[in-house]
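**Student:** Count the sequence shown with this note's numbering and you get residues 13 to 281, in order.
Here a beta-carbon is modelled for each residue, glycine too, at the ideal position from N, C-alpha and C.
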Amino acid sequence: MFLRMNDGTLPPETSGLTSLRQRLRVLYLGREKKAITFQAVLAVVDLAILAFFVLGPYLRSGPSYLIIDYSIAFWIGLELCARALIERNLGDWLKRPITWIDIFVLLTLLLPELLFNFAFLRAIRIWTIGQSALLKVLLRYCGLRHLEDVMRASINVIVFLFLVTGFVYTFFFRGLPGITGLVDALYFTVATVTTTGFGDITLPGTLGKLTSIVTMIIGISLFVRLAQAVVRPFKVTFPCPQCGLQRHDADAVHCKACGHILNIPDEGA
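1) Grab me the residues of Asp261's own chain with a C-beta within less than 7 Å of its C-beta, minus the 5 sequence neighbours each way, in chain order.
2) Measure the C-alpha to C-alpha separation of Ser76 and Leu194 and round it to an integer number of angstroms.
3) Per DSSP, what kind of secondary structure is Thr223 in: helix, strand or coil?
4) For Leu151, which residues from the same chain have a beta carbon less than 7 Å from its beta carbon, with the 5 sequence-adjacent residues on both sides left out?
5) May I ask you to report which of helix, strand or coil DSSP gives Phe249?
6) Measuring CA to CA, which of Cys267, Thr30, Phe132 and Thr140 is closest to Glu99?
7) To which residues of the same chain is Thr140 closer than 7 Å at the C-beta, ignoring the five residues directly before and after it?
8) Give the DSSP-derived three-state secondary structure of His272 in the structure shown.
9) Consult DSSP for Asp58 and reduce its assignment to one of helix, strand or coil.
10) Drop a sphere of 10 angstroms on the beta-carbon of Cys154, count the other beta-carbons inside from all chains shown, and report buried for 16 or more, exposed for fewer.
11) In terms of residue numbering, what span does the alpha helix (DSSP H) encompassing Arg164 cover?
12) What do you get for Ala7, buried or exposed, if any count of 16 or more other CB atoms within 10 angstroms of its CB means buried?
13) Distance check for Thr177 and Asp212, CA to CA, integer angstroms please.
14) To the nearest whole angstrom, what separates the beta carbons of Val57 and Trp87, a pair I think is in contact under 8 Å?
15) Could you give the residue range of the alpha helix (DSSP H) that holds Asp104?
16) Which word fits Val242, buried or exposed, when buried means at least 16 other C-beta atoms lie within 10 angstroms of its C-beta?
17) In angstroms with no decimal places, state the Cα-to-Cα distance between Thr223 and Arg237.
18) Output the boundary residues of the alpha helix (DSSP H) element that contains Asp81.
19) Any idea what DSSP makes of Arg259, helix, strand or coil?
20) Roughly how many angstroms lie between the CA atoms of Gly220 and Thr214, to the nearest whole one?
21) Per DSSP, what kind of secondary structure is Met228 in: helix, strand or coil?
22) Confirm, please, whether the CB-CB distance from Ala264 to Leu257 is below 7 Å.
23) Looking only at its own chain, which residues have a Cβ that is under 7 Å from the Cβ of Arg33, when we skip the five neighbours before and after it?
24) Using the Cα positions of Tyr70 and Ala239, report the straight-line distance between them to the nearest angstrom.
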């Protein structure tokens, strides 16, 4: 609750803060063209941060590494402040795992000598975008709405591969003789997920075996889900008012389960 002046208006600094919060909410949460463009730019920036992590082992000895590192840290800090500002309940924002992941990534960027770059965790931000309504809006604009399930499943697989690759490299391969950066970590991850198991690169110790087991189980499940999304015909999510069936054909008039008449919104695409 903001304190008002005697004439009933908000103090200038409070009014300015409220205006800023409203503008940020429109950009971060809106579905207008301007907001979608802004959110798409944020996604591109996240991809650039992930690219920096991939190239980090090769840039670490160069003079520009710290400049890029601290620039990314500044950006993440700015984005954290913006996201905190648009929240109506700061406590709920602090309870979200993605918030603490961003804070941890920020610390690793601010202390690169003590905490190695964990920017690969920003891949989770790409996953959240893939699960949000933003992907649906972008696909609709591009006329590719029928690929929504395939895109979501593909994003899940790519993000998982990237997270496991980053984890394996950071905790097992970094500084290990004979390991050529993230390429070997990605090679191990793909070989494990596909259960090919050439055996030329393995993870040592109990933690390594447990990591391989978890990678195989989750990875196979994600690939099966992707295959289902590719083969299965496109359906829209619309709960039937009578039986609650969630998914229907895009042009369905009646629910296949109970026969109830449906009124699925048509976006005109």
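**Tutor:** With the given structure in hand:
1) By 1-based counting over the sequence shown, the position of residue 261 is 249. Result list for Asp261: Lys247, in chain order.
2) By one-based count along the sequence shown, residue 76 stands at place 64. By one-based count along the sequence shown, residue 194 stands at place 182. Approximately 20 Å, taken between the alpha carbons.
3) If you number the sequence shown from 1, residue 223 lands on position 211. It is helical.
4) In the sequence shown, residue 151 corresponds to position 139, counting from 1. So the qualifying residues of the chain are Arg157, Leu159, Glu160 and Met163.
5) For this step, residue 249 is matched to residue 237 along the sequence shown. Reading the sequence as shown, one finds Thr at residue 249 and not Phe. Reduced to three states, the DSSP call for Thr249 is strand.
6) Within the sequence shown, residue 99 is the residue found at index 87, counting from 1. When each option's Cα is compared against that of Glu99, the closest is Thr30.
7) Looking up residue 140 in the sequence shown gives position 128. Around Thr140: Ile110.
8) Here residue 272 refers to the residue found at position 260 when the sequence shown is read from its first residue. Residue state, collapsed to three classes: coil.
9) Reading the sequence shown from its first residue, position 46 is the one you call residue 58. DSSP places Asp58 in helix when its eight states are reduced to three.
10) Locating residue 154 in the sequence shown gives position 142, where the first residue counts as 1. Answer is exposed; the Cβ neighbour count stays below 16.
11) Your numbering for residue 164 matches position 152 in the sequence shown. From DSSP, the alpha helix (DSSP H) with Arg164 extends over Glu160 to Val180.
12) Limits of the chain in this structure are 13 at one end and 281 at the other, which puts residue 7 out of reach.
13) Walking along the sequence shown from the start, residue 212 turns up at place 200. Walking along the sequence shown from the start, residue 177 turns up at place 165. In a straight line, the C-alpha of Asp212 is about 16 Å away from that of Thr177.
14) Counting from 1 along the sequence shown, the entry for residue 57 is found at position 45. Counting from 1 along the sequence shown, the entry for residue 87 is found at position 75. Confirmed, about 7 Å.
15) Position 92 of the sequence shown, counted from the start, is the residue given in the question as residue 104. Asp104 -> alpha helix (DSSP H) spans Leu102 to Lys107.
16) The sequence position of residue 242 within the sequence shown is 230, counting from 1. Looking at its Cβ environment, which holds fewer than 16 other Cβ atoms inside 10 Å, Val242 is exposed.
17) Position 211 of the sequence shown, counted from the first residue, corresponds to residue 223. Position 225 of the sequence shown, counted from the first residue, corresponds to residue 237. Roughly 21 Å between the two C-alpha positions.
18) Residue mapping note: residue 81 aligns to position 69 of the sequence shown, counting from 1. From DSSP, the alpha helix (DSSP H) with Asp81 extends over Tyr77 to Ile98.
19) The residue given as residue 259 occupies position 247 in the sequence shown. Three-state result, Arg259: strand.
20) Position 208 of the sequence shown holds residue 220. Position 202 of the sequence shown holds residue 214. Going from the Cα of Gly220 to the Cα of Thr214 covers about 8 Å.
21) Here residue 228 refers to the residue found at position 216 when the sequence shown is read from its first residue. Note: Met228 maps to helix in three-state DSSP.
22) Along the sequence shown, read from residue 1 onward, the residue named residue 257 stands at position 245. Along the sequence shown, read from residue 1 onward, the residue named residue 264 stands at position 252. No, these two residues do not count as a Cβ contact at 7 Å.
23) Walking along the sequence shown from the start, residue 33 turns up at place 21. Cβ within range, chain order: Leu97 and Ile98.
24) For the purposes of this step, residue 70 is taken as residue 58 along the sequence shown, with counting starting at 1. For the purposes of this step, residue 239 is taken as residue 227 along the sequence shown, with counting starting at 1. Distance between the alpha carbons of Tyr70 and Ala239: 35 Å.
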